[in-house]
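First up is the structure itself, then whatever we jot down about it.
Residue numbers (this note's numbering): 5 to 223.
Below you can see the structure in the form of structure tokens.
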């Protein structure tokens, strides 16, 4: 049986690798775009004026309370309904990035509000602009607090990418199912897919640990 599985794995190697590549690309784009947007969301929640803060709070609460699958289907079908021609890949990245931004924004808000207000006032007293205060004073401290939760969020994006198969994105899970439909080796190939997802998330965890060490050394 193991020899048969290795034969089938060799036959399906390019299909599996293609699916893995799509999963990594979607996850990376969603994490980067979602984290960038999440920084803006976190700043608005922590320092925005009341109307902006209320608007962004509604955004984060709605997105965090919506299942990822609903966001995926909504980004695909609503964009088509309003005349925006997004591919399944782009729709999937958009949905995951929006979901990621709401979590990163909330994580950053908590980290920023945990920093004593006196540090912001001291930076203002020496003539620093808000941008300079954020990059030089607030961000380095917030980053160290955010990293563990950010790693968890990034790992969730990888796992959530499996939902994109419902709109036809040929990511790892869908490719695995296609292979299984031809050779009926469900256990073996699902185990392989699980191992590949673990490797991707383990790489994210190690990257987070590396950044954590670097920020600790620069503290």
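Every residue gets a Cβ at the ideal spot worked out from N, C-alpha and C, and that includes glycine.
With a threshold of 7 angstroms (Cβ to nearest heavy atom), would residue i be considered close to the ligand ATP?
| i | result |
| --- | --- |
| residue 193 | Ligands are entirely absent from the displayed structure, and the ligand ATP is therefore not among its contents. |
Determine the contact status of residue i and residue j, defining contact as a CB-CB distance below 8 angstroms.
| i | j | result |
| --- | --- | --- |
| residue 112 | residue 212 | no |
| residue 109 | residue 176 | no |
| residue 60 | residue 45 | yes |
| residue 180 | residue 195 | no |
| residue 132 | residue 215 | no |
| residue 36 | residue 204 | no |
| residue 183 | residue 19 | yes |
| residue 62 | residue 79 | no |
Comparing C-alpha positions only, which one of the options sits nearest to residue i?
| i | options | result |
| --- | --- | --- |
| residue 73 | 169, 179 and 125 | 169 |
| residue 135 | 21, 68 and 51 | 51 |
| residue 114 | 27, 149, 137 and 102 | 149 |
| residue 69 | 83, 25, 104 and 122 | 104 |
| residue 23 | 78, 210, 200 and 129 | 200 |
| residue 106 | 191, 218, 85 and 161 | 161 |
| residue 16 | 188, 153 and 130 | 188 |
| residue 210 | 158, 56, 21 and 81 | 158 |
| residue 153 | 12, 47, 9 and 39 | 39 |
| residue 163 | 190, 198 and 186 | 198 |
| residue 13 | 190, 206, 217 and 202 | 190 |
| residue 9 | 58, 124 and 186 | 186 |
Assuming residue i and residue j make a contact with CB atoms under 8 angstroms, what is their CB distance in whole Å?
| i | j | result |
| --- | --- | --- |
| residue 116 | residue 142 | 6 angstroms |
| residue 155 | residue 119 | The Cβ separation is near 21 angstroms, so there is no contact. |
| residue 34 | residue 94 | Contact doesn't hold; Cβ gap of about 11 angstroms is too wide. |
| residue 171 | residue 96 | 7 angstroms |
| residue 127 | residue 137 | 4 angstroms |
| residue 165 | residue 31 | 5 angstroms |
| residue 92 | residue 173 | 5 angstroms |
| residue 64 | residue 144 | Not quite, the Cβ-Cβ distance comes to about 24 angstroms (not below 8 angstroms), so this is no contact. |
Ignoring anything shorter than 4 residues, give me the alpha helix (DSSP H) runs that lie fully in the segment 95-169, in order along the chain. Counting only runs of at least 4 residues, the segment 95-169 fully encloses the following alpha helix (DSSP H) elements, listed from N- to C-terminal order: 121-129, 134-137 and 143-164.
In the segment 16-76, which residue ranges form an unbroken alpha helix (DSSP H) of at least 4 residues, counting only runs that do not cross its ends? If we require 4 residues or more, the alpha helix (DSSP H) runs fully inside the segment 16-76 come out as 17-51 and 54-68.
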